[in-house]
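Protein chains in written order, with the working numbering: chain C, 1 to 338; chain F, 1 to 643; chain B, 1 to 206.
Built from N, CA and C at the ideal position, the CB exists for glycine as well.
This report concerns only the one structure given below.
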Amino acid sequence: MASTDAVVRSRRFFARSAGGGLLLLLSGCAGGGPSTLDPAGFGARRVEGFWWLLFWISVAVFVEVMALLVWALVFRRRPDRRVNRSEPIRFVVVAGAGLPIVVLLTVYGIGLRDLAALSRPEAPPATTVEVTGHKWWWEVRYAGVDGATANEIHIPVGEPVLIRLRTVDVLHSFWVPQLMPKTDLIAGKVRETWLHAERPGEYRGQCAEYCGLQHAHMAFLVVARPRAEFDAWLARLGAPARTPDSDAERRGQQAFLQSACVACHTVRGTAATGTVGPDLSTVGDRWSLGAGAVSNDGGHLGGWIANSQTVKPGNAMPPQQVDAAALPDLIAYLQSLR
Amino acid sequence: MPSSTAERGAGPGAEVIERLTSEWAETPTLRGWFTTVDHKRIGRRYLVTAAVFFGFAGVSALAMRTQLAGPEAEILSPGEYNQLFSMHGTAMIFLFSTPMLFGFGNFLVPLMVGARDMAFPRLNAFGYWVFLFAGLFMWSSVPAGAAPNGGWFAYVPLTDERHTPGLHLDVYTLGLLFLGISTTAGAINFIVTSLKLRAPGMSLNRVPVFVWAIVATSFMVIFALPVLNLDNALLFLDRRFDTRFFDPGRGGNVLLWQHLFWIFGHPDVYIIVMPALGIVSAVLPVFCRRGIVGYPLIVFSVVAIAIISFGVWVHHMFATGLPQLSYGFFSAASTIITIPSGLQIFAWLATMLLGRVVVRVPFLFVVGFIVTFVIGGFTGVMFALTAFDQQTTDSYFVVAHFHYVLFGGAVFPILAAIYYWLPKMSGRMYSERLGRWAFWLIFVGMNLTFFPMHVSGLLGMPRRVYTYPGGLGWDPWNLLATVGAYVLALGLLLVAVGVVHALRRGEAAPDDPWGGDSLEWATSSPPKPYNFAVLPRVHSLHPVWDPRTAESIGPGATEDRILTDGRQTLFTSELDGRYERAVEMPEETLKPLVAAGGLLVVFVGLLFAWYWVAAAGAALVAGTLAGWLWPPRRTPDEAGVPA
Amino acid sequence: MISRGMTAATRPTGLATEEPVGRSTGWWGVMLFITTEGTLFAALLGSYFYLRFQHGAPWPPDGIRQPELLLPLIMTGVLVPSSLPVLWAEAGIRQGRRWQLRAGLFGTLVMGGTFLGLQGVEYSEILREYTFTTNVYGSLFYAITTFHGSHVAVGLLMVCWLLVASLHGGFGAHRYERVRIVAYYWHFVDAVWVAILFTVYLSPRL
Ligand code: HEA
Ligand code: HEA
Ligand code: CUA
Ligand SMILES: [Cu+2]
Numbered sequence: 001m002a003s004t005d006a007v008v009r010s011r012r013f014f015a016r017s018a019g020g021g022l023l024l025l026l027s028g029c030a031g032g033g034p035s036t037l038d039p040a041g042f043g044a045r046r047v048e049g050f051w052w053l054l055f056w057i058s059v060a061v062f063v064e065v066m067a068l069l070v071w072a073l074v075f076r077r078r079p080d081r082r083v084n085r086s087e088p089i090r091f092v093v094v095a096g097a098g099l100p101i102v103v104l105l106t107v108y109g110i111g112l113r114d115l116a117a118l119s120r121p122e123a124p125p126a127t128t129v130e131v132t133g134h135k136w137w138w139e140v141r142y143a144g145v146d147g148a149t150a151n152e153i154h155i156p157v158g159e160p161v162l163i164r165l166r167t168v169d170v171l172h173s174f175w176v177p178q179l180m181p182k183t184d185l186i187a188g189k190v191r192e193t194w195l196h197a198e199r200p201g202e203y204r205g206q207c208a209e210y211c212g213l214q215h216a217h218m219a220f221l222v223v224a225r226p227r228a229e230f231d232a233w234l235a236r237l238g239a240p241a242r243t244p245d246s247d248a249e250r251r252g253q254q255a256f257l258q259s260a261c262v263a264c265h266t267v268r269g270t271a272a273t274g275t276v277g278p279d280l281s282t283v284g285d286r287w288s289l290g291a292g293a294v295s296n297d298g299g300h301l302g303g304w305i306a307n308s309q310t311v312k313p314g315n316a317m318p319p320q321q322v323d324a325a326a327l328p329d330l331i332a333y334l335q336s337l338r
Numbered sequence: 001m002p003s004s005t006a007e008r009g010a011g012p013g014a015e016v017i018e019r020l021t022s023e024w025a026e027t028p029t030l031r032g033w034f035t036t037v038d039h040k041r042i043g044r045r046y047l048v049t050a051a052v053f054f055g056f057a058g059v060s061a062l063a064m065r066t067q068l069a070g071p072e073a074e075i076l077s078p079g080e081y082n083q084l085f086s087m088h089g090t091a092m093i094f095l096f097s098t099p100m101l102f103g104f105g106n107f108l109v110p111l112m113v114g115a116r117d118m119a120f121p122r123l124n125a126f127g128y129w130v131f132l133f134a135g136l137f138m139w140s141s142v143p144a145g146a147a148p149n150g151g152w153f154a155y156v157p158l159t160d161e162r163h164t165p166g167l168h169l170d171v172y173t174l175g176l177l178f179l180g181i182s183t184t185a186g187a188i189n190f191i192v193t194s195l196k197l198r199a200p201g202m203s204l205n206r207v208p209v210f211v212w213a214i215v216a217t218s219f220m221v222i223f224a225l226p227v228l229n230l231d232n233a234l235l236f237l238d239r240r241f242d243t244r245f246f247d248p249g250r251g252g253n254v255l256l257w258q259h260l261f262w263i264f265g266h267p268d269v270y271i272i273v274m275p276a277l278g279i280v281s282a283v284l285p286v287f288c289r290r291g292i293v294g295y296p297l298i299v300f301s302v303v304a305i306a307i308i309s310f311g312v313w314v315h316h317m318f319a320t321g322l323p324q325l326s327y328g329f330f331s332a333a334s335t336i337i338t339i340p341s342g343l344q345i346f347a348w349l350a351t352m353l354l355g356r357v358v359v360r361v362p363f364l365f366v367v368g369f370i371v372t373f374v375i376g377g378f379t380g381v382m383f384a385l386t387a388f389d390q391q392t393t394d395s396y397f398v399v400a401h402f403h404y405v406l407f408g409g410a411v412f413p414i415l416a417a418i419y420y421w422l423p424k425m426s427g428r429m430y431s432e433r434l435g436r437w438a439f440w441l442i443f444v445g446m447n448l449t450f451f452p453m454h455v456s457g458l459l460g461m462p463r464r465v466y467t468y469p470g471g472l473g474w475d476p477w478n479l480l481a482t483v484g485a486y487v488l489a490l491g492l493l494l495v496a497v498g499v500v501h502a503l504r505r506g507e508a509a510p511d512d513p514w515g516g517d518s519l520e521w522a523t524s525s526p527p528k529p530y531n532f533a534v535l536p537r538v539h540s541l542h543p544v545w546d547p548r549t550a551e552s553i554g555p556g557a558t559e560d561r562i563l564t565d566g567r568q569t570l571f572t573s574e575l576d577g578r579y580e581r582a583v584e585m586p587e588e589t590l591k592p593l594v595a596a597g598g599l600l601v602v603f604v605g606l607l608f609a610w611y612w613v614a615a616a617g618a619a620l621v622a623g624t625l626a627g628w629l630w631p632p633r634r635t636p637d638e639a640g641v642p643a
Numbered sequence: 001m002i003s004r005g006m007t008a009a010t011r012p013t014g015l016a017t018e019e020p021v022g023r024s025t026g027w028w029g030v031m032l033f034i035t036t037e038g039t040l041f042a043a044l045l046g047s048y049f050y051l052r053f054q055h056g057a058p059w060p061p062d063g064i065r066q067p068e069l070l071l072p073l074i075m076t077g078v079l080v081p082s083s084l085p086v087l088w089a090e091a092g093i094r095q096g097r098r099w100q101l102r103a104g105l106f107g108t109l110v111m112g113g114t115f116l117g118l119q120g121v122e123y124s125e126i127l128r129e130y131t132f133t134t135n136v137y138g139s140l141f142y143a144i145t146t147f148h149g150s151h152v153a154v155g156l157l158m159v160c161w162l163l164v165a166s167l168h169g170g171f172g173a174h175r176y177e178r179v180r181i182v183a184y185y186w187h188f189v190d191a192v193w194v195a196i197l198f199t200v201y202l203s204p205r206l
């Protein structure tokens, strides 16, 4: 694989040499956002290198074309001879066909190579995540672990992880710009991709195939942690949900189990076993509510429960009749689920 | 070097002009407005109607941009946004670009080939009315809140009855099927006109590039459009009658939709850009005071693009997980298709380098085209490489690409064409100052709107989101794009103002204000209903620069090219334009309008599931066509029957 | 307007307008129309194979029996030869023999009508087994055959129209272009049926 490394390195060179305006402009403005130019994973890094190669080639050819254009516009005192005498066909063919052929053959070759590199992980993955797309949230399960979470995918850092993708309704697309290019979720098919985070961190992902009203709010977070931390987290996911230990939480649990929530949500170890909505067993420490619709804090949680339709219009959770008195307890309980 | 008919030597006598005028006169009544079959009037109607639809679609875009100016905005509801962007895309592609360019084709092709009308004038009128009705059919769904909301390529299963109930997608499928009738009719008409009605002597190697482009486009329509029609018909059946084509639960397949759509969809983007490239090849040389460089190469490129464009559709499906092998193939095809485009770009550059450039407003827009189209082309090539595409597909980087090629590649040439042919169409000159202002506003605004989208795309912003969270690095770029959109709108408004100003106060235009080389400049501005008093005889690729042409319609006019008994024009042989015979052209008639109206009844009936109404409409159409094509009563010896 | 058409048609050049000097615009028009229609059928049958191979065995699915062959073969035997009377009719009118034109067209009318009748019979049997909502196979079967059937129906309408026109005496040795055009369309509809016979009825057995 040395040669490929060489390629990758040469790309890095391109990237660095971009030093001038654009690199700063682009990746600089990323500001910790999900920028493809701030890669943290094997797949995204390859494509980033490829991008800078393509970018500089385009700049070169563009400059060439513009130079000719400007030349023609500036020095334009040639005689007015309507009917063609000279026909510089050779120039046209060389510049218009010859040049592109050379350029294109090169990038096409490199492109195929990168495509092959993206298609399969360099080592067999030890962990498999089962991700299911719903309108409009992501259900996340782990092979061999019963227990689920939503809109949040924890992976061990420094090793490839297999992602198996299904959809229960329409097409969605799985995209973590900093880690890996897209994989569409196709109704009636099972798709596979893989993630390989090179450094610990949290990477924003988002559905990239238009899937209806709330396509804009179908984001998720990939959390890459060292193996040990990940294993601990996974163990917790498999275990029953944390039991209430304050009165408020206990009252909240009562309220929860008595209301319609249980029809759609699961809290492991309780009577709540619904599967229409996200598993709430660990909702307390999720990064967001409603797949990126709002941040996960008491205020938003209350708002969401009372009427999620104002927060995320059209989502599949109807407004809930929870009396104001019980709401704080309910919130306390849900937040205690970590 | 303006010149007028007077300078071109003695034309045919006054009595000839009189005969022609009376033969080709159309009743100036209101009825006459509905019954006309004159390709020039129909062409102008195409242009105005398409411009209005452009205004609608553009204003939708402004609304979208306003919503996206900042994060978490609530100017539009998600439902409204999704309908607006779907209608914006659908209308810009189907109701603006193609009809606009067909409008120019309608006005120009008969003039450029030196004929007196299209091959099928009544079919031409029919095509316009169908386009108008289909456009109204689709746009009327917006105020009703039932507009298409599945995006312009309406992927299943999102668009099936279960996930999108209501009329939204029925408007889409039926509307596009309805419109398809018009486009197909137009395409057939263009091909036949260019094959049979060319002026004597206009062998294939003397056909203007614009006409080549229109013909190539029309052939693409012939082969691509039926596939879209099939796709929409299947979706309609699935939604309305529970067939299972796209239902994985019953053996159907959702990718069939994507394949069929893009087998049409990719050729369609060239269907849009091809006539625009033709416009560039017509306008650019004239302002370089020199014939275009590499005419054969350019014609070759046009044909090559038309053919290759059918072999690249999978590059729109690079993230759907088809076999690596097919990706390799379609990736290669998609890169190869850049070569003919490159040939054209450099042929134009060579023309400019060897000619004496005269910068007027139309030429400014051509330069704007070259700059922006090349940028759009490059991003296209990047997508052609699967690995890169999988990272950027469905992000704003794609939105940037296709606006550079669509606005840069199609709208700039269209604007150039408006300024270039306005004198010919209206007999009035536009205001150069106003035009230059419009150009700079549009050029700056366009780049300000769409260049930032490259960046927001690379920064991970997906397309088709009605809002986005702040602080991800996307905010400044979206704000810039919104500002740009308003600048752009201002520039386009100036174009509209400029056109109106020219029509109202513009000074009279000479017949040939630019010293153009193709035949439309050999007749009066605006042309008479019969286009040419004498059908010219063509001796070279640049007839108007060729004294022999002037001779052929002046002193050297012959009876067999004047043709004053009845509305007549000439048939010539398909390849070398040999004189074949004079033919009779039909008179004005109401039947095309009635037939189109019947179709409207059919589609409205289908939309609301009033199938008996639809049947009645169909009967009306059939009846009208029967009358339309009814053979005139003839005596046995006219018909040729042994009495 | 008619009278103007009359006078136009009776002028010497008018008389010449349908003399076979080179191909007429009508000829090109119908050829292009047939091309685009043919593409439509090609895409439809292509979709049949795409869906079939994406679906995999068994095909037909859900225990649907292989399509019966007897009736379709009889239908073929009726429809394909129905091109002959058209040819004969056209040959006749080129010689100015109107009776031959009428007889030929009438023959076609009868055969085409029989075809549609038989298709009705076939549906009445098959509908008992499955419909267009049963599964994708059902949808394909009915969509393809009905779509072709409707083309036959339209073709027959055109033949009727010609027949009536010919009774009004519009055609003759100089004036048979419309006959030619309808004939081309009818041959096309026949040819398409052969492709459908292969795709829908024979290919599942391969
Ligand atoms: C006018 C319309 C138009 C035109 C002309 C083009 C031109 C091209 N397009 Fe584009 N394209 C669209 C309209 C158009 N496109 C639209 C609407 C979409 C989005 C659909 C949607 O998803 O909504 C799209 C999307 C699209 C995709 C899919 C992206 C995705 O969804 O993931 C791809 C992938 O290959 C692609 C490729 C190309 C290529 C290779 C060209 C080439 O033809 C470009 C060739 C031109 C040049 C290259 C410039 C001139 C050449 C030179 C100066 C010579 C030197 C060149 C080199 C050395 C490279 N286009
Ligand atoms: C030719 C094609 C074309 C053109 C010209 C445009 C023009 C514009 N487009 Fe559009 N666009 C598409 C084709 C086009 N677009 C397509 C195919 C899509 C994909 C849709 C989808 O995803 O399904 C798209 C999507 C698209 C998006 C992405 C939506 C999303 O993914 O969420 C955006 C966002 O900014 C956008 C913006 C604009 C803007 C600001 C303009 C501006 O250039 C508009 C400027 C025009 C005006 C402001 C009109 C005002 C003019 C006047 C008032 C004077 C003239 C009037 C008369 C003469 C009557 N377009
Ligand atoms: Cu799910 Cu977009
Ligand atoms: Cu494409």
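Item, Value
"According to DSSP, is ILE155 of chain C part of a helix, a strand, or is it coil?", "strand"
"Under three-state DSSP, which class holds ALA30 of chain C?", "The predicted model places ALA30 of chain C with a pLDDT of 45, which falls under 50 and marks its position as unreliable, so this point remains unresolved."
"Within 8 Å of any Cβ in chain B, is that where the Cβ of PRO226 of chain F sits?", "yes"
"Please state whether DSSP places LEU101 of chain B in a helix, a strand or coil.", "helix"
"Could you check whether the Cβ of ASN447 of chain F sits closer than 8 Å to any Cβ belonging to chain C?", "no"
"Regarding SER173 of chain C and ligand 1, is the C-beta to nearest heavy atom distance less than 7 Å?", "no"
"Could you tell me if ALA187 of chain F is buried or exposed, where buried requires 16 or more neighbouring beta carbons within 10 angstroms of its beta carbon?", "buried"
"Please report whether the beta-carbon of GLY9 of chain F lies at a distance below 8 Å from any beta-carbon of chain C.", "Low local confidence applies: a pLDDT of 48 at GLY9 of chain F is under 50, so the model's placement there is unreliable, with the coordinate-based value given in what follows. Chain C contact via Cβ: absent."
"Measuring only between beta-carbons, confirm whether GLY484 of chain F sits less than 8 Å from chain A.", "Included in the structure are the protein chains C, F and B, with no chain A among them."
"Counting Cβ pairs, one atom from each stretch, are 3 or more of them under 8 Å apart for the stretch 348-367 of chain F and the stretch 218-228 of chain C?", "no"
"Anything in chain C within Cβ reach of SER331 of chain F, meaning under 9 Å, just list it in chain order.", "TYR108, GLY111, LEU112, LEU115"
"Does the beta-carbon of GLY627 of chain F have 16 or more other beta-carbons within 10 angstroms, so that it is buried, or is it exposed?", "exposed"
"Can you tell me whether PHE53 of chain B is buried or exposed, with buried defined as 16 or more other CB within 10 angstroms of its CB?", "exposed"
"Could you tell me the distance, in whole angstroms, from the CA atom of ALA616 of chain F to the CA atom of THR131 of chain B?", "27 Å"
"What are the start and end residues of the beta strand (DSSP E) that includes TRP138 of chain C?", "137-142"
"Give the residues from the stretch 310-327 of chain F that approach chain C closer than 8 Å (Cβ to any Cβ), ordered along the chain.", "ALA319, THR320, GLY321, GLN324, TYR327"
"Against LEU54 of chain C, what residues of chain F qualify as contacts under a CB-to-CB distance less than 7 Å, listed in chain order?", "MET382, PHE388"
"For ALA347 of chain F, which residues in chain C fall below 8 Å Cβ to Cβ?", "VAL92, GLY96"
"If you follow the alpha helix (DSSP H) that VAL302 of chain F is part of, which residue opens it and which one closes it?", "295-308"
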